[in-house]
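Enquirer: Going by numbering that gives the first Met the number 0, the first residue of the sequence shown is number 0, and it counts up by one from there. Virtual Cβ for every residue (Gly too), placed ideally from N, Cα, C.
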Amino acid sequence: MARQNTVFKEAYNRYAVALRIDATLPSEPEIAAQLGISRSTARAILARLSDEGIISWNKRQKIVLREPAEDELFPSEETSSLHDIIERSFMQRILSDDAAPGMQINELELAREIGTGTTSVREFLIRFSRFGLIEKRPNSHWILKGFTRDFALELADVREMFELHSAAEFGKLPAGHDAWSALAEIKAQHQAMLRDLDTRYKDFSALDERFHLLIHGAAKNRFIADFYDAIAIIFHYHYQWNKAFARERNERAIHEHLDYIAALESRDQAAIDFSCRLHLRSARQTLLQSIPAVIEELSPLPRAAPADGK
0 MARQNTVFKE AYNRYAVALR IDATLPSEPE IAAQLGISRS TARAILARLS
50 DEGIISWNKR QKIVLREPAE DELFPSEETS SLHDIIERSF MQRILSDDAA
100 PGMQINELEL AREIGTGTTS VREFLIRFSR FGLIEKRPNS HWILKGFTRD
150 FALELADVRE MFELHSAAEF GKLPAGHDAW SALAEIKAQH QAMLRDLDTR
200 YKDFSALDER FHLLIHGAAK NRFIADFYDA IAIIFHYHYQ WNKAFARERN
250 ERAIHEHLDY IAALESRDQA AIDFSCRLHL RSARQTLLQS IPAVIEELSP
300 LPRAAPADGK
């Protein structure tokens with residue numbers, strides 16, 4: 000119910016801000032298709048608009064009486080993008096204890112569970128399928144193919160290539176760039192989490208994603224942005240399958256992030272490259288350890304960054 004409520008609030012805001020006085024609204028199925036939601040959610044949106052006196056709703060006739068005031072919209076902290084909602088629900092399903100290669104994923108069931116339309120779910124699954132983890136079957140069904148060692152290695156290789164470039168570009172940003180204040184905020188969030196790690200270590204995945212997304216944004220490269228948006232789903236959710244030593248693993252990652260942030264703040268390209276490589280190597284190891292029966296032989300990690308950053 001909570002997930003469906005979020006879908007409703009997000010869709011309500013999208014639809015309400017687009018309303019224009021005296022406009023005649025289409026049918027519920029048309030609104031549902033336009034917003035990528037279920038008919039019941041579309042009906043709930045119309046009911047709220049009517050209750051607020053924003054529209055006049057008399058059987059099939061729906062006319063906009065006025066535009067909504069800002070305080071009549073749901074606050075941003077109560078809404079998530081439809082993409083985020085579908086992603087979260089999909090990943091929760093394939094992270095469940097009974098998820099295994101060959102498991103079927105049904106578009107209609109997933110859409111009903113979320114409270115959205117099948118078109119939005121299908122678009123998400125099609126985009127996700129290009130990485131080879133799921134495969135389309137007839138009658139709106141998909142098959143979970145599983146996560147192999149070769150897939151993990153290929154994924155890590157490409158991620159490292161893109162992030163090394165992005166981190167170098169981040170270090171070249173001018174002092175007044177907004178990214179530096181965003182980095183300072185993320186740094187403070189890492190420090191706060193470290194102070195209360197016993198109760199907050201499970202929240203690290205979301206913070207990890209925000210940190211790496213900020214770094215990738217510095218590249219201003221549409222291909223890197225598209226890659227990261229899709230690949231983060233796999234990288235930041237999949238390792239949760241292996242929950243052993245999660246606290247210790249996350250604590251190490253937080254310290255690596257803080258060292259990485261310090262290197263970015265120094266703008267020293269050699270230090271940035273070293274800290275980035277060190278952290279991505281740990282991330283690669285974590286990803287490989289999430290695959291059953293995989294024992295990856297890794298060469299020793301570098302002992303310390305050179306004092307002169309070279």
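Identify the continuous beta strand (DSSP E) that holds Ser55 and give its terminal residues.
Expert: For the purposes of this step, residue 55 is taken as the residue at position 56 of the sequence shown. First-last of the beta strand (DSSP E) with Ser55: Ile54 to Asn57.
Enquirer: Helix, strand or coil: which one does DSSP assign to Thr23?
Expert: Locating residue 23 in the sequence shown gives position 24, counting from the first residue. In the structure shown, Thr23 sits in a strand (DSSP, three-state: E or B).
Enquirer: Would Gly116 and Gly35 qualify as a contact pair, given that the criterion is a beta-carbon distance under 8 Å?
Expert: On the sequence shown, position 117 is the one that residue 116 refers to. On the sequence shown, position 36 is the one that residue 35 refers to. Cβ atoms of Gly116 and Gly35: closer than 8 Å.
Enquirer: Is the beta carbon of Gly170 closer than 8 Å to that of Ile271?
Expert: Start at 1 with the first residue of the sequence shown, and residue 271 comes out as number 272. Start at 1 with the first residue of the sequence shown, and residue 170 comes out as number 171. Yes; because the gap between Cβ atoms is below 8 Å, this pair is in contact.
Enquirer: Would Ala1 be called buried (16 or more neighbouring beta carbons within 10 Å of its own) or exposed?
Expert: On the sequence shown, position 2 is the one that residue 1 refers to. With a pLDDT of 42 at Ala1, under the threshold of 50, the modelled position of this residue cannot be trusted, and the question is left open.
Enquirer: Could you have a look at His215 and say whether DSSP puts it in helix, strand or coil?
Expert: Start at 1 with the first residue of the sequence shown, and residue 215 comes out as number 216. Reduced to three states, the DSSP call for His215 is helix.
Enquirer: Here's the rule: buried if 16 or more other CB atoms are within 10 angstroms of the residue's CB, otherwise exposed. What is Asn12?
Expert: Taking the sequence shown and counting its residues from 1, one reaches residue 12 at position 13. Asn12 should be labelled buried.
Enquirer: Could you give the DSSP three-state label for His140: helix, strand or coil?
Expert: For the purposes of this step, residue 140 is taken as the residue at position 141 of the sequence shown. His140: strand per DSSP, three-state reduction.
Enquirer: Might you give, ordered along the chain, the residues of its own chain that have their beta carbon closer than 6 Å to the beta carbon of Tyr259, omitting 5 neighbours on each side?
Expert: The residue given as residue 259 occupies position 260 in the sequence shown. These residues qualify, in order along the chain: Ser274 and His278.
Enquirer: Is the number of C-beta pairs between the segment 194-212 and the segment 126-143 that are closer than 8 Å three or more?
Expert: No, the segment 194-212 is not in contact with the segment 126-143.
Enquirer: For Ile319, count neighbouring C-beta atoms within 10 Å of its own C-beta (all shown protein chains included) and say buried if the count is 16 or more, exposed if not.
Expert: Because the chain here runs from 0 to 309, residue 319 falls outside it and cannot be looked at.
Enquirer: Leaving out five residues on either side along the sequence, give the residues of the same chain with a beta carbon under 6 Å from the beta carbon of Met102.
Expert: Translated into the one-based positions of the sequence shown, residue 102 becomes position 103. Excluding sequence neighbours, Met102 sits near Leu143.
Enquirer: Determine the DSSP secondary structure at Thr285, reduced to helix, strand or coil.
Expert: Position 286 of the sequence shown holds residue 285. Looking at Thr285 - three-state DSSP - the assignment turns out to be helix.
Enquirer: Excluding sequence positions up to five away, which residues of its chain have a Cβ less than 8 Å from the Cβ of Leu107?
Expert: Looking up residue 107 in the sequence shown gives position 108. The residues are Thr117 and Ser139.
Enquirer: For Phe73 versus Lys135, is the C-beta distance shorter than 8 Å?
Expert: For the purposes of this step, residue 73 is identified with residue 74 of the sequence shown, where counting begins at 1. For the purposes of this step, residue 135 is identified with residue 136 of the sequence shown, where counting begins at 1. Against a cut-off of 8 Å, the Cβ pair of Lys135 and Phe73 comes out as no contact.
Enquirer: Bridge partners of Asn105, per DSSP?
Expert: Residue 105 sits at position 106 when you count from the first residue of the sequence shown. DSSP, once it has assigned bridges, lists His140 as partnering Asn105.
Enquirer: As an exercise, report each continuous alpha helix (DSSP H) stretch of at least 4 residues that is fully enclosed by the segment 123-189, in chain order.
Expert: If we require 4 residues or more, the alpha helix (DSSP H) runs fully inside the segment 123-189 come out as 148-169.
Enquirer: What do you reckon, are the CB atoms on Gln190 and Leu206 nearer than 8 Å?
Expert: Looking up residue 190 in the sequence shown gives position 191. Looking up residue 206 in the sequence shown gives position 207. No. Outside cutoff.
Enquirer: How many angstroms separate the CA atom of Tyr200 from the CA atom of Arg246?
Expert: Position 201 of the sequence shown, counted from the start, is the residue given in the question as residue 200. Position 247 of the sequence shown, counted from the start, is the residue given in the question as residue 246. Cα-Cα distance, rounded: 6 Å.
Enquirer: Could you name the residues that DSSP lists as bridge partners for Thr115?
Expert: Along the sequence shown, read from residue 1 onward, the residue named residue 115 stands at position 116. According to DSSP, which records beta bridges pairwise, Thr115 is partnered with Ile36.
Enquirer: Near Phe123, which residues of its chain fall below 6 Å by C-beta distance, leaving aside the five closest residues on each side in sequence?
Expert: Within the sequence shown, the letter at position 124 stands for residue 123. Here the set comprises Ile85.
Enquirer: Rounded to whole angstroms, what is the Cα-Cα separation between Glu255 and Ser119?
Expert: What you label residue 255 is simply residue 256 of the sequence shown in a count that begins at 1. What you label residue 119 is simply residue 120 of the sequence shown in a count that begins at 1. Rounded to the nearest angstrom, the two C-alpha atoms are 37 Å apart.
Enquirer: Rank Leu286, Arg87 and Gly216 by C-alpha distance to the C-alpha of Glu168 and give the top, closest one.
Expert: Along the sequence shown, one-based indexing puts residue 168 at 169. Comparing Cα-Cα distances from Glu168 to each of Leu286, Arg87 and Gly216, the minimum goes to Gly216.
Enquirer: For Ser165, which option in Ala224, Thr147 and Ile185 has the closest C-alpha, if you only look at C-alpha atoms?
Expert: Translated into the one-based positions of the sequence shown, residue 165 becomes position 166. Cα-wise, what sits closest to Ser165 is Ala224.
Enquirer: Where Pro67 and Leu48 are concerned, what is the direct C-alpha to C-alpha distance, given to the nearest angstrom?
Expert: Within the sequence shown, numbered from 1, the residue matching residue 67 stands at position 68. Within the sequence shown, numbered from 1, the residue matching residue 48 stands at position 49. Approximately 9 Å, taken between the alpha carbons.
Enquirer: Would you check if the distance between the CB atom of Ile62 and the CB atom of Asp21 is smaller than 8 Å?
Expert: Locating residue 62 in the sequence shown gives position 63, where the first residue counts as 1. Locating residue 21 in the sequence shown gives position 22, where the first residue counts as 1. In contact: Ile62 and Asp21 (Cβ atoms closer than 8 Å).
Enquirer: Please list the terminal residues of the continuous alpha helix (DSSP H) segment that includes Lys61.
Expert: Within the sequence shown, numbered from 1, the residue matching residue 61 stands at position 62. Unbroken run through Lys61 is the beta strand (DSSP E), Gln60 to Val63; no alpha helix (DSSP H).
Enquirer: Relative to the C-alpha of Arg65, which residue among Ser39, Leu263, Thr285 and Val16 is closest?
Expert: Taking the sequence shown and counting its residues from 1, the one referred to as residue 65 is at position 66. The shortest Cα separation from Arg65 among Ser39, Leu263, Thr285 and Val16 belongs to Val16.
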